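Numbering-wise, our numbering comes out as the position in the sequence shown, counting from 1, plus 5.
Ideal placement from N, C-alpha and C gives every residue a C-beta, glycine not left out.
Fair warning: this is a prediction, and the values are worked out from it, not measured in the lab.
Below is one structure, written out as structure tokens; the observations come after it.
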Amino acid sequence: MEKKNFDINSLLGFLLIGGILVWMLYANQPTEEELQEKARTEAAAKANTEAAQVTNNDTTLAQGISDSVASLKSGDSLALDQLKNRLGSFAYSGTLPSAKDDVTVFENDVLFLKVSNKGGYITEARLKNITKYDSVPVYLIKDGNASLNLQFTAENRILNTEELYFQPTLSKNGEDNVLTMRLKTSENAFIEYRYTLHPGEYMMDFSINSQGLDGVLNTSQPMYLDWQLKGYRHAKSISYENRYTRLTYEYENGKHSKLSPSGDDQEVEKDVTWMNFRQHFFSSMLLTDTPFKEVVLKSEDLVHDEEIDTVYTKRYDARMLLEPKNGALSYNMNMYYGPSDYQIFKKYGRNLDEAMPLGWGIFGMINKYLIIPLFAFLSDFLPAGIAIIVLTILIKLLLSPVQYKQYLAQAKMKVLKPEMDAIKEKYKDNKIKIQQETMKLQNSAGASPLKGCLPALLQIPVFYALFTFFPSAFDLRQKSFLWADDLSSYDTILELPFHIPFYGDHVSLFPILASIAIFIYMMMTTAQTMQQQQQPGMPNMKFIMYLSPLFMLVFFNNYASGLSLYYFVSNLITIGIMLVIKNFIIDEEKIHAKIQVKKAQPRKQNKFQRKMAEMMEQAEEQKRAGKK
Numbered sequence: 006m007e008k009k010n011f012d013i014n015s016l017l018g019f020l021l022i023g024g025i026l027v028w029m030l031y032a033n034q035p036t037e038e039e040l041q042e043k044a045r046t047e048a049a050a051k052a053n054t055e056a057a058q059v060t061n062n063d064t065t066l067a068q069g070i071s072d073s074v075a076s077l078k079s080g081d082s083l084a085l086d087q088l089k090n091r092l093g094s095f096a097y098s099g100t101l102p103s104a105k106d107d108v109t110v111f112e113n114d115v116l117f118l119k120v121s122n123k124g125g126y127i128t129e130a131r132l133k134n135i136t137k138y139d140s141v142p143v144y145l146i147k148d149g150n151a152s153l154n155l156q157f158t159a160e161n162r163i164l165n166t167e168e169l170y171f172q173p174t175l176s177k178n179g180e181d182n183v184l185t186m187r188l189k190t191s192e193n194a195f196i197e198y199r200y201t202l203h204p205g206e207y208m209m210d211f212s213i214n215s216q217g218l219d220g221v222l223n224t225s226q227p228m229y230l231d232w233q234l235k236g237y238r239h240a241k242s243i244s245y246e247n248r249y250t251r252l253t254y255e256y257e258n259g260k261h262s263k264l265s266p267s268g269d270d271q272e273v274e275k276d277v278t279w280m281n282f283r284q285h286f287f288s289s290m291l292l293t294d295t296p297f298k299e300v301v302l303k304s305e306d307l308v309h310d311e312e313i314d315t316v317y318t319k320r321y322d323a324r325m326l327l328e329p330k331n332g333a334l335s336y337n338m339n340m341y342y343g344p345s346d347y348q349i350f351k352k353y354g355r356n357l358d359e360a361m362p363l364g365w366g367i368f369g370m371i372n373k374y375l376i377i378p379l380f381a382f383l384s385d386f387l388p389a390g391i392a393i394i395v396l397t398i399l400i401k402l403l404l405s406p407v408q409y410k411q412y413l414a415q416a417k418m419k420v421l422k423p424e425m426d427a428i429k430e431k432y433k434d435n436k437i438k439i440q441q442e443t444m445k446l447q448n449s450a451g452a453s454p455l456k457g458c459l460p461a462l463l464q465i466p467v468f469y470a471l472f473t474f475f476p477s478a479f480d481l482r483q484k485s486f487l488w489a490d491d492l493s494s495y496d497t498i499l500e501l502p503f504h505i506p507f508y509g510d511h512v513s514l515f516p517i518l519a520s521i522a523i524f525i526y527m528m529m530t531t532a533q534t535m536q537q538q539q540q541p542g543m544p545n546m547k548f549i550m551y552l553s554p555l556f557m558l559v560f561f562n563n564y565a566s567g568l569s570l571y572y573f574v575s576n577l578i579t580i581g582i583m584l585v586i587k588n589f590i591i592d593e594e595k596i597h598a599k600i601q602v603k604k605a606q607p608r609k610q611n612k613f614q615r616k617m618a619e620m621m622e623q624a625e626e627q628k629r630a631g632k633k
């Protein structure tokens, strides 16, 4: 067995290694200067967090914060509470428990809201009982697409409330939910946003008030309320939705106007009482009891390519000039987040129905007092598609006397056609004489092309009113009929693997049916005109006959299927009424006999007819004089 001896060299080696390790640990520990620098860095970071509560728009304030942070880093012993003093009275809000990015849920049975501590404004607005075309809930505000900012001057600094923290208090006032958001300089000095949400209502009370800030707010400087929103897409066709998405407003004691629905637009208006950031079937509105002295209104179109832009439609901006009274803010307002529904708007009064795209003048009146009440009555007990058909039938029956007059005038012209052709043959080298003799014949027979045009003109207000009604009828949203899933959007029978300009990437059936009905109707009404010799300078009726159905086919492929359904049914009924009038009501032989009786009777010319006859005679004399 080998004897173990003590190895002095191994002992010395271990001692040497241990000494080296101890020296390395000692040599690498932080110095006093490094410890102080670390403390200064942590203090500076904390100061920056406090400073972030104040806007960086004010140069003096920003420079003061920067200098303070730099001083901390250089070893100055400036304390955090001294830095707060440099930030001003509103730095008090940074010491409250609410000085964090948190939200308060605020809701009733139709509206779900989230209000942020930072800025005190609504950061989420969801309509509870309504979904989009793809069954996703409708959000009017979400993910930072909206802001509300009060900009004011305090202690020689410009501050923005969207960067400051409010203290929330949620309470009940009877059945109402009340949320107060206070931006404090002390317990008894603050700016307050107050939201009051009523049961079952999309309209809420909203007010801005200040208390105890007489020596803080600089009311000699302008004070602004900025409201911004980017409208989310809610429909299958963003281009169709965007066509009815626009900013509307009321100003100067009841005047109403709107910004452009396409492109970018801006207006500066006085005494604005409400504005609506309309997103086709949905509205975000701000109303005030005290008119805003001046408002800069902006609208920016965000849809440049339907195949690419699929999130937002338009960006809205309203910058309102506020007027403090007696050194304090006091504005009682309302906010509305909900459907663009005429019945709801009418309930609230305040001319909110003017925010609906129902047409101007007589067109709007027909919609308000005839079409909307009638359709509301029918849709109470009938499915939406059947209600459209019944509405169309009732409108056509109402206009049938006018259509009878129109067809009667056309029948008279048809009866006179052989005599008019004879006149053309007799005076074929004298166009003026043809016009003179034709007018005499028509006058003696009591027939005129104008008598056929005037009844058609009388129908135009009703047709246009219906054209504006269907795209704005909220009651049609997500109502199905036959193969159409949603009467407020286009129906699809075929998806195309490519996109056709102006037409889209799908095929809709209702526009095809409506185009066929229009083509048949125009063939019936223009056949007689096309048989006549085409006069120089007159429109080519054959071209128009083909153009109108083609326009319908292309233009309405992305429109609401309810509108195409109306045109299809309307033209079918028109064709039916014309056939009934032609075959069972109007007897062309009797008409011819009556015309012959009228021709035999002396007939006085009216002033217009006499004037036209005189002008033609003068033209004829000038022509004869020219030949000499």
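Residue 484 is not a Cβ neighbour of residue 414, given a cutoff of 8 Å.
Per the Cβ contact rule, the region 261-274 is in contact with the region 292-307 (3 or more Cβ pairs under 8 Å).
Setting aside the 5 residues that flank it on each side, residue 203 is surrounded in the same chain by 181, each with a C-beta closer than 6 Å to its C-beta; the list follows chain order.
In this structure, the CA atom of residue 114 is about 20 Å from the CA atom of residue 286. CA-to-CA, the gap between residue 193 and residue 353 works out to about 35 Å.
About 7 Å separates the CB atoms of residue 401 and residue 579; that is less than 8 Å, so the two are in contact. Closest in alpha carbon position to residue 515, among 528, 489, 493, is 489.
Our two residues, residue 355 and residue 589, have alpha carbons roughly 52 Å apart in a direct line. In the DSSP assignment, no residue is bridged to residue 309. Its chain contains 158, 159 as the residues whose beta carbon lies nearer than 7 Å to that of residue 223, once the 5 sequence neighbours on both sides are disregarded; these appear in chain order. Annotation: residue 116 to residue 480 spans about 19 Å, alpha carbon to alpha carbon. A distance of 8 Å or more separates the beta carbons of residue 564 and residue 508.
Within the region 296-377, complete alpha helix (DSSP H) segments of at least 4 residues are found at 347-353, 367-371, given in chain order. Excluding the 5 residues flanking it on each side, residue 471 has no same chain C-beta neighbour closer than 6 Å.
For residue 141, no alpha helix (DSSP H) run applies, since DSSP gives it neither H nor E.
Burial is judged here by how many other beta carbons sit within 10 angstroms of a residue's own beta carbon; residue 421 has at least 16 and is buried. For residue 174, the closest alpha carbon among the candidates 183, 168, 419, 166 is that of 183.
Looking at the backbone, the Cα of residue 575 and that of residue 366 are separated by about 24 Å. In the three-state reduction of the DSSP assignment, residue 440 falls in the helix class, which pools H, G and I. Along the region 190-252, the beta strand (DSSP E) occurs as fully enclosed runs of 3 or more residues at 194-202, 208-216, 228-237, listed in sequence order.
Straight across, the Cα-Cα distance linking residue 478 with residue 493 is about 8 Å. Ranked by how close their Cα comes to the Cα of residue 332, the residues 196, 586, 166 have 196 in first place. Taken through DSSP and simplified to helix, strand or coil, residue 181 comes out as strand. The beta carbon of residue 239 lies closer than 8 Å to those of 137, 138, 143, 246, 284, 285, 286, 287 in the same chain, with the five residues before and after it left out. Rounded to whole angstroms, the separation of the alpha carbons of residue 248 and residue 149 is 24 Å.
At least 8 Å separates the beta-carbon of residue 379 from that of residue 403. Taking the Cα of residue 582 as reference, the smallest distance to any Cα among 405, 553, 162, 432 is reached at 405.
In this structure, DSSP gives residue 469 a helical state, which the three-state scheme calls helix.
Within the same chain, and ignoring the five residues on either side of residue 232 in sequence, the residues whose Cβ sits closer than 7 Å to its Cβ are 153, 291, 323. In this chain, the beta strand (DSSP E) harbouring residue 163 covers 162-165.
Less than 8 Å separates the beta-carbon of residue 339 from that of residue 208. When the Cα atoms are used, residue 466 and residue 169 turn out to be separated by approximately 53 Å. Counting other Cβ atoms within 10 Å of its Cβ, residue 499 stays below 16 and is therefore classed as exposed.
Counting along the chain, residue 154 sits inside the beta strand (DSSP E) bounded by residues 151-159.
Sequence-distant partners of residue 381 (beyond 5 residues in either direction) whose C-beta falls short of 7 Å from its own C-beta, in its chain, are 348.
Taking the Cβ atoms as the reference, residue 250 lies roughly 7 Å from residue 266, within the contact range of under 8 Å.
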